[in-house]
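Residue numbers (my numbering): 4 to 181.
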């Protein structure tokens, strides 16, 4: 009887160990920062953060769009840049690749502009009354700029920024390349 009990206990223990070891791993959530970090490693690109308050200090409010950008920056807690230099890479392919990767993690386009010198694509996460992240992709002959604004950003500020007369302010952020 003792032998039967011990062998039953061993069998139950082995089954328990097998079941626990086969437990599904929790899927890792991919973020825009993960995508940017991957590109910076694999494509010799620059990825860095800049304090939003510092950027707001240097905006000339007399230039078109800078007031809207400064207003949006007041709600931003993290401002990140990914810069892929065009001298080493083909940015049109990277623009589409990054855009597709962002779409796969629930970002969608709210605006796109093509002024023959650059393509500007604005993407947001899917929230209703505010956005947790806005991503602006700017592709021109020099580089591909991916700018991520994170925070609790009211949709009205995003709508104001993506107006054709204001969106140019974002392209002025290319000074961080140097």
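Built from N, CA and C at the ideal position, the CB exists for glycine as well.
Residues of its chain near residue i, where Cβ-Cβ distance is below 7 angstroms and the 5 sequence neighbours each way are ignored
i, result
"residue 153", "79, 80, 81, 135 and 136"
"residue 121", "141, 142, 143 and 174"
"residue 124", "102, 112, 115 and 140"
"residue 33", "108"
Burial state of residue i (16 or more Cβ within 10 Å)
i, result
"residue 162", "exposed"
"residue 44", "exposed"
"residue 107", "exposed"
"residue 61", "exposed"
"residue 127", "buried"
"residue 35", "buried"
"residue 65", "exposed"
"residue 28", "Note that residue 28 scores a pLDDT of 49, beneath 50, so its modelled location is shaky; the value from the coordinates is reported in the next line. Classification of residue 28: exposed, given that the 10 Å Cβ count is below 16."
Option nearest residue i by Cα separation, candidates the options
i, options, result
"residue 155", "66, 77, 102 and 117", "77"
"residue 56", "49, 126, 41 and 72", "72"
"residue 147", "133, 97, 69 and 47", "97"
"residue 142", "172, 132 and 99", "99"
"residue 119", "58, 140 and 144", "144"
"residue 132", "158, 36 and 115", "158"
"residue 58", "84, 89 and 42", "84"
Proximity of residue i and residue j at Cβ, strictly below 8 angstroms
i, j, result
"residue 170", "residue 113", "no"
"residue 38", "residue 104", "yes"
"residue 46", "residue 101", "no"
Helix, strand or coil at residue i according to DSSP, with G and I counted as helix
i, result
"residue 115", "strand"
"residue 42", "helix"
"residue 89", "coil"
"residue 137", "strand"
"residue 48", "coil"
"residue 101", "helix"
"residue 34", "coil"
8 angstroms Cβ shell around residue i - same chain, five flanking residues per side excluded
i, result
"residue 40", "50"
"residue 67", "168, 169, 171 and 172"
"residue 160", "71, 74, 75 and 78"
"residue 63", "69"
"residue 138", "35, 105, 110, 125, 126, 127, 149, 150, 151 and 152"
Same chain only: Cβ atoms within 6 angstroms of residue i, ignoring 5 sequence neighbours per side
i, result
"residue 129", "109"
"residue 53", "82"
Residue i beta carbon near the ligand COA (any heavy atom closer than 7 angstroms)
i, result
"residue 120", "Questions concerning the ligand COA fall outside what the structure shown contains, since it holds no ligand whatsoever."
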